[in-house]
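Asker: The structure that follows is given in the form of structure tokens.
Protein chains: 2
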Amino acid sequence: MKVLTKKTDYAIRALLMLGSRRGEYVSAKTISTDQDIPYQFLRGLLQEMIRYDLIVSKEGAQGGFMMKKEPDEIPIAQLIEIFQGKVQVSECMFRKQICANRSRCVLRHEIMRIEQVVNSEFDKVTIGKLLRDLEAANGMAHGCG
Amino acid sequence: MKVLTKKTDYAIRALLMLGSRRGEYVSAKTISTDQDIPYQFLRGLLQEMIRYDLIVSKEGAQGGFMMKKEPDEIPIAQLIEIFQGKVQVSECMFRKQICANRSRCVLRHEIMRIEQVVNSEFDKVTIGKLLRDLEAANGMAHGCG
DNA sequence: ATAACTGATACTATATTGATATCAATTAAA
DNA sequence: TTTAATTGATATCAATATAGTATCAGTTAT
Ligand code: FES
Ligand code: FES
Numbered sequence: 001m002k003v004l005t006k007k008t009d010y011a012i013r014a015l016l017m018l019g020s021r022r023g024e025y026v027s028a029k030t031i032s033t034d035q036d037i038p039y040q041f042l043r044g045l046l047q048e049m050i051r052y053d054l055i056v057s058k059e060g061a062q063g064g065f066m067m068k069k070e071p072d073e074i075p076i077a078q079l080i081e082i083f084q085g086k087v088q089v090s091e092c093m094f095r096k097q098i099c100a101n102r103s104r105c106v107l108r109h110e111i112m113r114i115e116q117v118v119n120s121e122f123d124k125v126t127i128g129k130l131l132r133d134l135e136a137a138n139g140m141a142h143g144c145g
Numbered sequence: 001m002k003v004l005t006k007k008t009d010y011a012i013r014a015l016l017m018l019g020s021r022r023g024e025y026v027s028a029k030t031i032s033t034d035q036d037i038p039y040q041f042l043r044g045l046l047q048e049m050i051r052y053d054l055i056v057s058k059e060g061a062q063g064g065f066m067m068k069k070e071p072d073e074i075p076i077a078q079l080i081e082i083f084q085g086k087v088q089v090s091e092c093m094f095r096k097q098i099c100a101n102r103s104r105c106v107l108r109h110e111i112m113r114i115e116q117v118v119n120s121e122f123d124k125v126t127i128g129k130l131l132r133d134l135e136a137a138n139g140m141a142h143g144c145g
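One line per chain: the protein sequences are F and E, in this order.
Numbering-wise (the working numbering), the first sequence opens with residue 1 and increments by one.
Numbering-wise (the working numbering), the second sequence opens with residue 1 and increments by one.
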């Protein structure tokens with residue numbers, strides 16, 4: 001069970017990079033090289049994030065991408081939603097056969113509760129928070145792993 | 001983002017059925033028809049659950065499957081693990097380039113925390129609990145949805 | 001003018017998920 | 001003892017999702 005797909009993972013890393021260089025335009029190429037993300041794949045992700053108003057772009061030479069939204073206002077829950085779709089447990093048979101399969105309903109009830117827990121956890125972790133964690137880690141200047 | 005795949009979903013429903021008819025052998029065909037699960041697909045799931053000692057089988061006419069483990073001792077976290085693999089966030093670049101990508105580490109740290117929260121939630125929900133919920137729901141005998 | 005860029009989109013490859021098919025072995029019961 | 005109902009074990013296929021590539025037109029700093 002993979003919680004984060006490459007898309008979400010890359011998107012987060014790209015945002016962390018933009019977040020640490022606010023006010024300047026950073027090119028897709030720079031991000032791609034620095035974060036080791038396939039160039040064209042990254043381009044697609046960046047365009048998607050523009051559509052969601054997370055970042056802005058500038059075309060042409062010396063162009064690139066820049067944070068638009070406040071890092072603290074970007075929970076990774078949103079990125080998961082954008083790149084992996086809303087967290088859903090399993091489609092309900094509701095429409096097909098209303099409650100013919102009651103056992104399914106019970107399951108569904110429990111799972112929706114969990115879904116909320118999961119979502120609220122992912123909501124707590126914002127790009128801003130990660131950036132601060134990052135700074136702290138760099139400040140301490142010791143290896144990790 | 002799909003939390004439960006068909007496999008897990010079907011497995012849970014099959015177990016709920018076996019759990020509500022403990023002590024008797026229920027055939028794959030019966031489960032398949034009753035729960036609307038593709039027959040051969042279900043067979044595979046049942047065999048897998050035998051390997052994990054959740055259920056036992058009896059071959060031949062009047063054969064079928066029966067609960068082995070106590071329903072309260074089967075958290076759906078285990079079923080998710082069996083049918084969808086352990087919850088993992090995203091593979092760490094750790095081995096490739098040790099901490100060259102520190103931002104990834106920070107992310108990883110947060111995510112592993114969430115992973116624990118999620119797992120502990122899924123651990124709380126057992127087949128036994130779902131069975132009791134189910135009984136209660138049936139006892140109340142009113143529609144749901 | 002040109003090189004460094006993004007916008008937009010089409011395409012390919014690989015992996016995962018979901019489902020089906022087949023045949024041998026076992027067993028209850030006619 | 002035959003037969004029908006069953007599981008065991010695999011092989012195969014189809015559909016979908018994920019990951020990655022390629023191309024070309026348009027924009028802009030130098
Ligand atoms: S790169 Fe993963 S722990 Fe350092
Ligand atoms: S069948 Fe889904 S709510 Fe009743």
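Using N, Cα and C, we set each Cβ at its ideal position, and we do this for glycine too.
Would you check if the distance between the CB atom of Thr8(E) and the CB atom of Phe83(E) is smaller than 7 Å?
Answerer: Residue mapping note: residue 8(E) aligns to position 8 of the second sequence, counting from 1. Residue mapping note: residue 83(E) aligns to position 83 of the second sequence, counting from 1. Cβ distance < 7 Å, so Thr8(E) and Phe83(E) count as in contact.
Asker: Less than 7 Å between the beta carbons of Gly19(F) and Ile127(F), yes or no?
Answerer: Locating residue 19(F) in the first sequence gives position 19, counting from the first residue. Locating residue 127(F) in the first sequence gives position 127, counting from the first residue. Result yes, Cβ atoms of Gly19(F) and Ile127(F) sit closer than 7 Å.
Asker: For Leu134(E), collect the residues of the same chain with a Cβ closer than 6 Å to its Cβ; drop the 5 residues on either side in sequence, then sort them by chain order.
Answerer: Within the second sequence, numbered from 1, the residue matching residue 134(E) stands at position 134. Closer than 6 Å at Cβ, skipping near neighbours: no residue.
Asker: If the cut is a Cβ gap below 8 Å, which residues of chain E does Gln84(F) touch?
Answerer: For the purposes of this step, residue 84(F) is taken as residue 84 along the first sequence, with counting starting at 1. Taking a Cβ-Cβ threshold of 8 Å, the residues of chain E close to Gln84(F) are Met1, in chain order.
Asker: Do Val125(F) and Glu121(E) have their CB atoms nearer than 7 Å?
Answerer: Here residue 125(F) refers to the residue found at position 125 of the first sequence. Here residue 121(E) refers to the residue found at position 121 of the second sequence. Their beta carbons are not under 7 Å apart, which means Val125(F) does not touch Glu121(E) by this criterion.
Asker: Could you please give the first and the last residue of the uninterrupted beta strand (DSSP E) stretch that includes Lys58(E)?
Answerer: Against the second sequence, residue 58(E) aligns to sequence position 58. Element bounds for Lys58(E): 55-58.
Asker: Measure the CB-CB distance between Ala61(F) and Asp123(F) and report whether it falls below 7 Å.
Answerer: Translated into the one-based positions of the first sequence, residue 61(F) becomes position 61. Translated into the one-based positions of the first sequence, residue 123(F) becomes position 123. Using a Cβ distance threshold of 7 Å, Ala61(F) and Asp123(F) do not count as a contacting pair.
Asker: Starting from the beta carbon of Val125(E), find every residue of chain F whose beta carbon is closer than 9 Å, and list them in chain order.
Answerer: Mapped onto the second sequence, residue 125(E) falls at position 125. Those within 9 Å of Val125(E) in chain F are Leu107, Glu110, Ile111, Arg113, Ile114.
Asker: Say whether chain E places a C-beta atom closer than 7 Å to the C-beta of Val56(F).
Answerer: Your numbering for residue 56(F) matches position 56 in the first sequence. It does not; no Cβ of chain E falls within 7 Å.
Asker: Could you give the DSSP three-state label for Thr5(E): helix, strand or coil?
Answerer: Here residue 5(E) corresponds to residue number 5 of the second sequence, with the count starting at 1. Here Thr5(E) sits in coil by DSSP.
Asker: For Ser32(E) versus Tyr25(E), is the C-beta distance shorter than 7 Å?
Answerer: Taking the second sequence and counting its residues from 1, the one referred to as residue 32(E) is at position 32. Taking the second sequence and counting its residues from 1, the one referred to as residue 25(E) is at position 25. In this structure, Tyr25(E) does not lie closer than 7 Å to Ser32(E) by Cβ.
Asker: Quick check on Ala11(F) - is its C-beta less than 7 Å from some C-beta in chain E?
Answerer: Mapped onto the first sequence, residue 11(F) falls at position 11. False, the Cβ-Cβ gap to chain E never drops below 7 Å.
Asker: Just the C-alpha distance for Glu73(F) and Leu42(F), rounded to the nearest angstrom, thanks.
Answerer: Position 73 of the first sequence, counting from 1, holds the residue named residue 73(F). Position 42 of the first sequence, counting from 1, holds the residue named residue 42(F). Spanning the two alpha carbons is a distance of roughly 22 Å.
Asker: To the nearest angstrom, how far is it from the Cα of Ile50(E) to the Cα of Leu46(F)?
Answerer: The count along the second sequence starts at 1 and reaches residue 50(E) at position 50. The count along the first sequence starts at 1 and reaches residue 46(F) at position 46. C-alpha separation (whole angstroms): 47 Å.
Asker: So that I know if they touch, is there some Cβ in chain E lying closer than 7 Å to that of Val26(F)?
Answerer: Counting from 1 along the first sequence, the entry for residue 26(F) is found at position 26. For Val26(F), the answer is no, since every Cβ of chain E falls outside 7 Å of its Cβ.
Asker: Run the CB neighbour count on Ala28(F), radius 10 Å, all protein chains shown included, and call it buried at 16 or more, exposed below.
Answerer: Residue 28(F) sits at position 28 when you count from the first residue of the first sequence. Under this definition Ala28(F) is a buried residue.
Asker: How would you label Arg22(F), buried or exposed, when you count the other beta carbons within 10 angstroms and need 16 or more for buried?
Answerer: The residue you call residue 22(F) lines up with position 22 of the first sequence. Exposed: under 16 other Cβ atoms inside 10 Å.
Asker: Skipping 5 residues on each side, what residues in its chain have a beta carbon closer than 8 Å to that of Gly79(F)?
Answerer: For the purposes of this step, residue 79(F) is taken as the residue at position 79 of the first sequence. Looking at the sequence itself, residue 79(F) is Leu, so the reference to Gly does not match. Cβ within range, chain order: Thr8, Ala11, Ile12, Leu15.
Asker: So which residues on chain F does Ile80(E) lean against when the C-beta distance must stay under 7 Å?
Answerer: To locate residue 80(E), count along the second sequence from 1; it is residue 80. Under the 7 Å cutoff, chain F gives Met1.
Asker: Could one say the Cβ of Glu121(E) lies closer than 7 Å to chain F's Cβ atoms, at least one of them?
Answerer: Here residue 121(E) refers to the residue found at position 121 of the second sequence. Judged by the 7 Å Cβ criterion, Glu121(E) is in contact with chain F.
Asker: Considering only C-alpha positions, which residue in the set Gln88(E), Asp36(E), Ile55(E) is nearest to Pro71(E)?
Answerer: By 1-based counting over the second sequence, the position of residue 71(E) is 71. With distances taken between Cα atoms, Pro71(E) lies closest to Ile55(E).
Asker: Taking C-beta to C-beta, are Val87(E) and Met1(F) nearer than 7 Å?
Answerer: Along the second sequence, read from residue 1 onward, the residue named residue 87(E) stands at position 87. Along the first sequence, read from residue 1 onward, the residue named residue 1(F) stands at position 1. In this structure, Met1(F) lies closer than 7 Å to Val87(E) by Cβ.
Asker: By DSSP's criteria, Gln88(E) is part of a beta bridge. Which residues make up the other side?
Answerer: Taking the first residue of the second sequence as position 1, residue 88(E) is located at position 88. For Gln88(E), which the question treats as bridged, DSSP gives the partners Lys2(F).
Asker: Would you say Asp72(F) lies against chain E (beta-carbon separation less than 7 Å)?
Answerer: Mapped onto the first sequence, residue 72(F) falls at position 72. For Asp72(F), the nearest beta carbon of chain E is not closer than 7 Å to its own beta carbon.
Asker: Using the beta-carbon count (16 or more within 10 Å), is Met112(E) buried or exposed?
Answerer: Taking the second sequence and counting its residues from 1, the one referred to as residue 112(E) is at position 112. It counts as exposed.
Asker: Between Met67(E) and the rest of its own chain, which residues show a CB-CB distance below 7 Å, the 5 nearest in sequence each way excluded?
Answerer: Residue numbering aside, residue 67(E) sits at position 67 when the second sequence is read from its first letter. Counting only Cβ-Cβ distances below 7 Å, and skipping sequence neighbours, we find Leu18, Gly19, Arg22, Ile55.
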